[in-house]
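Numbering (the numbering used here), first residue to last: 21 to 313.
Structure below.
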């Protein structure tokens, strides 16, 4: 076998030539105006969660329907009879004196939660002496009976129900029991939460005609996606039917579908006066029409 020895000078010259060629090629490439210096990659848009904006709403209504006791279906009557003992037990723990007579109830119809029967219980002992609570009964047997205390003899239990941590916790459990169906309608979630917390929410349609001295909401309904806070979604609407004045509701959800905050305060209002020549003004974000969400 013959061994070849390479001169050190020759090796150094070869490496120097290779480096010159590479440097020239890179310099020429950087001067080429057709090749961008920095390639910018635009990430795919992040889809909003837990609520989407493209799914058709389950109902075009902007209110939550309340039905009287005699309007319950036979199936719901049987469901309520089975849950009566649990409702009495939970109401007793909250000190609501459920065993006493004169309680009446109405059904809260929330199409977004078809797997639950919601009821509003009321006992009116006269001016300033009213007790109210909501009850949730799972229809498919997956879950448990829950109540949301609202008023005890005219006073809020713990803190006002719309912002109470117990109300928020009960609603999160209901959503978890309902499954993915609960995410089908963001406005339906907002309205149902308000109903369970003691309101009978009604949103004035965007084309409602203002009347003299009749206040109208400056905001109808909106879903904001707060990208700066990990994509949390904030649902807001003005309850035009609240008394003694319209109320603004706000609910903040994480992308995992958990409600973490709820607020309830007087809505920002405008009044149309007879002498005014200015048209009624409404902020943007109208209530989604049927076919939108």
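C-beta: ideal position from N, C-alpha, C; glycine also. Here the structure is a predicted model, which is why all the values come from computation and not from measurement.
Cutoff 7 Å: residue i Cβ touching any chain B Cβ
i           : result
residue 169 : No chain B appears in this structure, which consists of one protein chain only.
Residue i, DSSP secondary structure in three states
i           : result
residue 169 : strand
residue 292 : Model confidence at residue 292 stands at a pLDDT of 41, short of 50, so the residue's coordinates are unreliable and nothing is read from them.
residue 223 : coil
residue 120 : coil
residue 198 : helix
residue 213 : helix
residue 205 : coil
residue 114 : coil
residue 188 : helix
residue 106 : helix
residue 279 : strand
residue 90  : helix
residue 96  : helix
residue 183 : helix
residue 50  : Since pLDDT at residue 50 reaches only 48, below the 50 mark, its modelled position is unreliable, and no value is offered.
Cutoff 6 Å; reference residue i; Cβ partners in own chain excluding five residues on either side
i           : result
residue 135 : 159, 160, 198
residue 140 : 126, 128, 154
residue 257 : 210, 223, 241, 269
residue 202 : 195
residue 17  : Absent from the structure is residue 17, since the part of the chain shown begins at 21 and ends at 313.
Residues sharing a beta bridge with residue i, DSSP
i           : result
residue 137 : 157
residue 286 : 267
residue 81  : Answer is none; residue 81 lacks a bridge partner.
residue 257 : 241, 269
residue 246 : 252
residue 129 : 85
residue 152 : 142, 171
Spatial neighbours of residue i in its chain, beta-carbon cut-off 8 Å, leaving aside the 5 residues before and after
i           : result
residue 165 : 103, 106, 107, 110, 155, 156, 157, 158
residue 212 : 84, 128, 130, 132, 133, 138
residue 180 : 284
residue 250 : 274, 275
residue 122 : 143, 144, 145
Presumed contact (8 Å Cβ cut-off) between residue i and residue j, rounded CB distance
i           : j           : result
residue 217 : residue 169 : Rounded, the Cβ-Cβ distance is 10 Å, inconsistent with contact.
residue 254 : residue 272 : 5 Å
residue 189 : residue 173 : Residue 189 to residue 173, Cβ: 24 Å. No contact.
residue 124 : residue 142 : 6 Å
residue 252 : residue 274 : 6 Å
residue 205 : residue 97  : 27 Å between Cβ atoms; not a contact.
residue 219 : residue 185 : With 8 Å as the limit, residue 219 and residue 185 do not qualify as a contact, their Cβ atoms being about 18 Å apart.
Nonlocal neighbours in the same chain, by C-beta distance under 7 Å from residue i, ignoring five residues either side
i           : result
residue 278 : 192
residue 99  : 137, 157, 159
residue 260 : 222, 223, 224, 237, 266
residue 87  : 126, 127, 129
residue 144 : 150
residue 163 : 197
Residue i: CB within 6 Å of a non-hydrogen atom of the ligand ATP
i           : result
residue 288 : For the ligand ATP, the structure offers nothing, since it holds no ligand at all.
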